[in-house]
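Chains as they are written, first to last, in the numbering used here: chain A, 1 to 179; chain B, 1001 to 1179.
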């Protein structure tokens, strides 16, 4: 099963693909999609969308995992621009029939480190451990994306508690893709 | 010149198309694109995108006008979801080569009523007056979209002050489309 974590941003969208196998997880690919900050917003979103469409076609993930939205943001304007990027990610996923799953940041930290308020470096250390990497991938957006993908494997193993079951539509989509 | 105002929202995206002629503005069409709130976010964005693509192809606007982002929002989560819808609007516009222009809400109010803190009903009354309508179109998203389109005509006439000049890229796009 191929799980693609995506950390959306107007400037930098990080992604990380892992392969879940019987004996653990393997890193397949990680990288970033950048938009040209000198271009207008519409062109930048088109750049992100084009990068995504190509990446999804190449990597063929079974599921995409993103971070859930918060209720508060320190920089609302930046968050809304991130929402623009997140919007085209959802769109590209829907167009290719790939389900999207969202986990709150605290749950990702809990799944990775065992503690919902873990630091970024603690999460990065666990990403390295679980994927047998010497150093955490840079920029940090890639590591964040990989943490999301790894969090999903915990969800699939039922380690996140029964209150965090996958939505029925996603379960169904996964089963369809598996059979 | 055909100016399309769009008021984006995940639930309801209002739009209004006006035709700017020598003797004033004429309402061409107004309406809404709705997404099904029972569907997942990805599917809803796909619904909005599909509605937009079809609408843009039919209406063939020369320019799209949206409201600029604020720096503060009372409901950040709702604002970010609006950002998702706004993202697919920008994408659809870029894909069809239609320039997008954004004006702050206060400027729209000033252009319509002469006062940057005008009420919604004052703006609606001016939309009716300028487009020779008896009552303001409903839902309010359509009237808001028409106000955006009308604001752009004020900008084109240079009524919004020199500090609000159109970006060079948009000016160029407009000139290309005119010739």
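Ideal Cβ positions, reconstructed from N, Cα and C, are used throughout, including at glycine.
Pick helix, strand or coil for residue i, following the three-state DSSP scheme.
i               : result
residue 1018(B) : strand
residue 1040(B) : coil
residue 105(A)  : helix
residue 51(A)   : helix
residue 1159(B) : coil
residue 1178(B) : Its pLDDT being 46, under 50, residue 1178(B) is placed unreliably in this model, and the value from its coordinates should be taken loosely. DSSP places residue 1178(B) in helix when its eight states are reduced to three.
residue 951(B)  : For residue 951(B) there is no data in the structure shown, the boundaries of chain B being 1001 and 1179.
residue 2(A)    : strand
residue 1116(B) : coil
residue 1150(B) : helix
residue 7(A)    : strand
residue 1013(B) : strand
residue 27(A)   : strand
residue 164(A)  : Residue confidence is low: residue 164(A) scores 47 on pLDDT, short of 50, so the model does not pin down where it sits. No coordinate-derived value is stated.
residue 1034(B) : strand
If you draw a straight line from the C-alpha of residue i to the C-alpha of residue j, how long is it?
i               : j               : result
residue 1108(B) : residue 1123(B) : 9 Å
residue 1119(B) : residue 52(A)   : 41 Å
residue 1099(B) : residue 143(A)  : 36 Å
residue 1054(B) : residue 95(A)   : 16 Å
residue 1160(B) : residue 1029(B) : 25 Å
residue 1038(B) : residue 105(A)  : 25 Å
residue 13(A)   : residue 146(A)  : 12 Å
residue 11(A)   : residue 1091(B) : 16 Å
residue 121(A)  : residue 1080(B) : 27 Å
residue 44(A)   : residue 63(A)   : 25 Å
residue 1157(B) : residue 111(A)  : 58 Å
residue 1131(B) : residue 1113(B) : 14 Å
residue 68(A)   : residue 1077(B) : 10 Å
Using the rule of at least 16 other Cβ atoms within 10 Å of the residue's Cβ for burial, across every protein chain shown, is residue i buried or exposed?
i               : result
residue 58(A)   : exposed
residue 71(A)   : exposed
residue 7(A)    : buried
residue 116(A)  : exposed
residue 152(A)  : buried
residue 1035(B) : buried
residue 1139(B) : exposed
residue 74(A)   : exposed
residue 134(A)  : exposed
residue 9(A)    : buried
residue 87(A)   : buried
residue 15(A)   : buried
residue 46(A)   : buried
residue 1141(B) : buried
Any heavy atom of the ligand HEM closer than 6 Å to the beta-carbon of residue i?
i              : result
residue 152(A) : Inclusion of the ligand HEM in the displayed structure is not the case, the ligand content being empty and no account of it being possible.
For the candidate residues the options, whose alpha-carbon lies nearest to that of residue i?
i               : options                               : result
residue 42(A)   : 1021(B), 1010(B) and 1084(B)          : 1084(B)
residue 22(A)   : 74(A), 1(A), 45(A) and 67(A)          : 1(A)
residue 149(A)  : 17(A), 40(A), 48(A) and 128(A)        : 17(A)
residue 20(A)   : 4(A), 133(A), 34(A) and 10(A)         : 4(A)
residue 1049(B) : 1065(B), 1032(B), 1063(B) and 1062(B) : 1032(B)
residue 129(A)  : 15(A), 9(A) and 27(A)                 : 27(A)
residue 101(A)  : 137(A), 125(A) and 155(A)             : 155(A)
In chain order, what residues of the segment 1121 to 1142 of chain B put their CB closer than 8 Å to some CB of chain A? none
According to a CB-to-CB cut-off of less than 7 Å, which residues of the segment 90 to 121 of chain A neighbour chain B? 90, 91, 93, 94, 95 and 100
Contact residues within the segment 66 to 79 of chain A, judged by C-beta distance below 7 Å to chain B: 69, 71, 72, 73, 76, 77 and 79
Members of the segment 40 to 60 of chain A that neighbour chain B once the beta carbon cut-off is set at 7 Å: 40, 41, 42, 43, 45, 46 and 49
Please name the residues in the segment 8 to 39 of chain A whose beta-carbon is closer than 8 Å to at least one beta-carbon of chain B, in chain order. none
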